[in-house]
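Everything below concerns the one structure shown next.
Structure, rendered in structure tokens:
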């Protein structure tokens, strides 16, 4: 895929449909690298609030929603933020495929299998998920989001060869790095240095309650 | 005790603050300045200062180690601090133009319950957050204390308010205090506050 279409001077001259096509092409490139299923990108006008760039929906057939305001926006860095969102949401699709690997999707080939511990937390987090209404820091560092944010930033930084001569790209990476640093600082301040474990443990407590309820319902139905 | 305090006095140094030009008394890692000092660790500071003052009053103890002029300065400095400590009775807040803060204890059950109610978080997380409130920047103690009493007072650091943080991060009032703290803790709160204004906290 020719990524130069995402460069600021190219992106700004694109029509809405061309931007959507570029993002779809980007999304279809990633599954080939990861061995996961492709996900359809849908542009959403009403479902997503202003602070939400995208959303991954795991209901079959899975969809990846992109907030329409970012396609129409003339704000600088929107091109790179849109790319990062597609990669971030695509990572959720990957997590979803990995979680369901033993169930309905035995035919797909996942190239990168996470550790058992990571998978354990992703499964718990897929049942107990703190959505966008929650405080950003708690939401940000739950296991699946932590991984998706990290993955997207890592991939965006890896595009330096393609976009390194675009000042806006460098500014985007610099800005994101600052944001991430400050988010970690805040998490440490609120939840101690073990913030990831604290958040994961809290999810696990809720998961245990969830499992107990399920078991209770099952026992009720069987008797 | 006498030897310990004597060595402590010998480790005191007095200098002008680069930032405020106020006199500062530096003792090991603790820094006290003449217009704003914070007692964040040792609640028994009054007792220790009184003891040091008594030692200093006998100049013979130090005659070979320290100049009389420096001892005079330390004594005057300690007098001022003592006066303010006695006036404020080591309570946090601004009294007599001198800010005195003592180590807080926000990790109480009352605070835990309040955090649970306001953040809808579990007791486990709320207890951690309550304890972490003890680690926020001392300038925010009065904000936390007011919040514990039921008041949400405003706080502004270079154009970033607690209200801004609440809106931007969908945070509760108490959660926003942690972000304000990291802005205040930075080497340049002004710069970090400006950076904060550009942060987006996008979700996906």
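Chains as they are written, first to last, in our numbering: chain R, 14 to 236; chain P, 564 to 767. Ideal Cβ placement from N, Cα and C applies to all residues, glycine included.
Query	Result
Three-state class that DSSP yields for residue 68/R in the structure shown	strand
Given residue 93/R as reference, the closest of 85/R, 142/R, 169/R and 62/R once Cα atoms are compared	169/R
Test: residue 676/P CB closer than 8 Å to a CB of chain R	no
Among 152/R, 227/R and 175/R, the one whose alpha carbon lies nearest that of residue 20/R	175/R
Spatial neighbours of residue 755/P in its chain, beta-carbon cut-off 7 Å, leaving aside the 5 residues before and after	746 and 749
Any chain R beta carbon closer than 8 Å to residue 733/P	yes
Cβ contact (3+ pairs, closer than 8 Å) linking the region 99-106 of chain R and the region 153-170 of chain R	yes
The ligand SAM heavy atom lying under 7 Å from the CB of residue 724/P	The ligand SAM is not part of this structure, which contains no ligands at all.
Residue(s) in a DSSP beta bridge with residue 78/R	55/R and 68/R
Near-chain R residues of the region 678-691 of chain P (beta-carbon distance less than 9 Å), N- to C-terminal order	682, 683, 684, 685, 687, 688 and 691
Proximity test, Cβ basis, 8 Å: residue 191/R and chain P	yes
Residue 737/P versus 641/P, 694/P and 763/P, residue with shortest Cα-Cα distance	694/P
Residue 707/P in three-state terms, based on DSSP	helix
Exposed unless 16 or more other CB atoms sit within 10 angstroms - verdict on residue 231/R	exposed
Assumed close pair residue 110/R, residue 50/R - CB separation to whole angstroms, cut-off 8 Å	6 Å
is_contact[residue 718/P, chain R] using C-beta, thresh 8 Å	no
Sub-8 Å separation of residue 733/P and residue 149/R beta-carbons	yes
First and last residue of the uninterrupted alpha helix (DSSP H) at residue 743/P	736-748
Neighbour flag for residue 777/P against chain R, beta carbons, 8 Å	Examination of residue 777/P is not possible in this model, given that chain P is present from 564 through 767 alone.
Alpha-carbon spacing of residue 212/R relative to residue 636/P, whole angstroms	51 Å
Residues bridged to residue 766/P [DSSP beta-bridge criterion]	65/R
Range covered by the alpha helix (DSSP H) that runs through residue 93/R	91-112
Three-state class that DSSP yields for residue 682/P in the structure shown	helix
Status (buried if at least 16 other CB within 10 Å, exposed otherwise) for residue 767/P	buried
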